Each structure stands twice: as structure tokens, then as C-alpha cells.
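Reading through the C-alpha cells given below for one structure.
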Amino acid sequence: MALQTGNQAPDFKLFSSELEEVSLSDFKGQKVVVHFFPMAFTGTCTEQLCTMRDSFGYYEGLNAKVVAISVDSPFTLAKFKEEQAYQFPLLSDFNKETSQAYGAYYDEFVFNLKGVAKRAAFVIDEEGNISYAEVLENAGDLPDFNAIKQAVEA
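Put into C-alpha cells, the structure is as follows:
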């Protein structure tokens, strides 16, 4: 079932590309923009995260944290982060629990790959409630970055 605006965001505890545990509760009192993406090193995923990279200062200025989550291993994500110079944590949902909890999950993806995160974006407010939720069925589509910015500004 898809999460709606106003729902409590499911907490998560995932390892980052730096092999550090990061949980949603670490950011209590701050807004968090959570991006889910299917796979590192693919075109649309790179575009999605590069858009966030290039507007990182904007989110930082609003005291909003950015994290990006995929089912890739932390080691794959470390290489992806290094190549693209992302300033925000890339989190490994290798066990696929967080993607499922957020309703951002393909049982089956292209090339018969099972259990891949859908492209999605959530804005979570200071109290841990969802103020914006967008889960895309088509992996070729990008989230609505203007809507995300408006949710962070609200």
C-alpha cells in the first residue's frame, strides 16, 4: 500500500556507501528528502541524483537533509557516489525492506530482475510525517523536483 501525505514515515536503519548506519530518526527535527532509485550507474537514476547534487546548496539552505536509497550494495553505491561527487548519503536497501515499507518496490523489473526499488521521492517533515509522496511506475520518469522544493519550503 502506498504511503500518503500525512502518514508517519516508516523508520529505517540502512548502511551508507561509507559503511555507516543511517536511520531516519537521526534526522529528527529536520526535513528530509528521501529519493529511491532503481539502480546505480543507469541513465535516469544518474540524472535524478545529479539534479539533487546540483541543487544541494538550496536544500542545505533550508536545513533539509537529502538521502538516496537503492537496493544496490554499499560498495556499488560508494563507487557511484565517488564518480558523481554526490554530497549526500547513498543508502543500501540490499534486503529490500525499506523500499517495500515505502511502497517503492518492483516485484519484477527489467531483465527479469526481482526486487528493485521504484523511482520515488518523499519529503519528511521535522516530526517524521510525510509531507510529499511520489512513487513512479515508469522507471524512465523523473520525480517532480519543483513539487519537492515546494514541499520542503512549506
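In numbering that gives the first Met the number 0, the protein residues as written are 0 to 153. C-beta: ideal position from N, C-alpha, C; glycine also. Since the model is a prediction, treat every value here as computed from it, not as a measurement.
Pick out whichever of the options has its Cα sitting closest to the Cα of residue i.
i, options, result
"Ala120", "Asn94, Tyr104 and Val33", "Val33"
"Glu107", "Lys117, Gly60 and Tyr101", "Lys117"
"Ala150", "Phe110, Gln7 and Glu133", "Glu133"
"Val122", "Phe26, Lys12 and Glu17", "Phe26"
"Asp140", "Phe36, Phe110, Phe40 and Lys64", "Phe36"
"Thr163", "Phe110, Val66, Phe79 and Asn62", "With the chain represented from 0 up to 153, any question about residue 163 goes unanswered, as that position is not in the structure."
"Asn137", "Val109, Ser130 and Lys148", "Val109"
Please classify residue i as buried or exposed, where buried requires at least 16 other C-beta atoms within 10 Å of its C-beta.
i, result
"Asp10", "exposed"
"Thr4", "exposed"
"Leu13", "buried"
"Leu90", "buried"
"Ala167", "Since the first residue shown for the chain is 0 and the last is 153, residue 167 is missing from the structure and cannot be characterised."
"Asp53", "exposed"
"Ala39", "buried"
"Ser16", "buried"
"Leu23", "buried"
"Phe79", "buried"
"Phe74", "exposed"
Pull up the CB-CB distance for residue i and residue j, whole angstroms please, since I reckon it's below 8 Å.
i, j, result
"Gln29", "Glu125", "6 Å"
"Asn6", "Asn128", "7 Å"
"Tyr101", "Val115", "13 Å between Cβ atoms; not a contact."
Should the stretch 39-51 be called in touch with the stretch 69-87, which here means at least 3 C-beta pairs below 8 Å?
yes
Runs of alpha helix (DSSP H) lying entirely within the stretch 21-107, each at least 4 residues, in chain order
42-53, 55-60, 73-83 and 96-100
If we require 3 or more residues per run, which beta strand (DSSP E) segments fall completely within the stretch 120-149?
129-134
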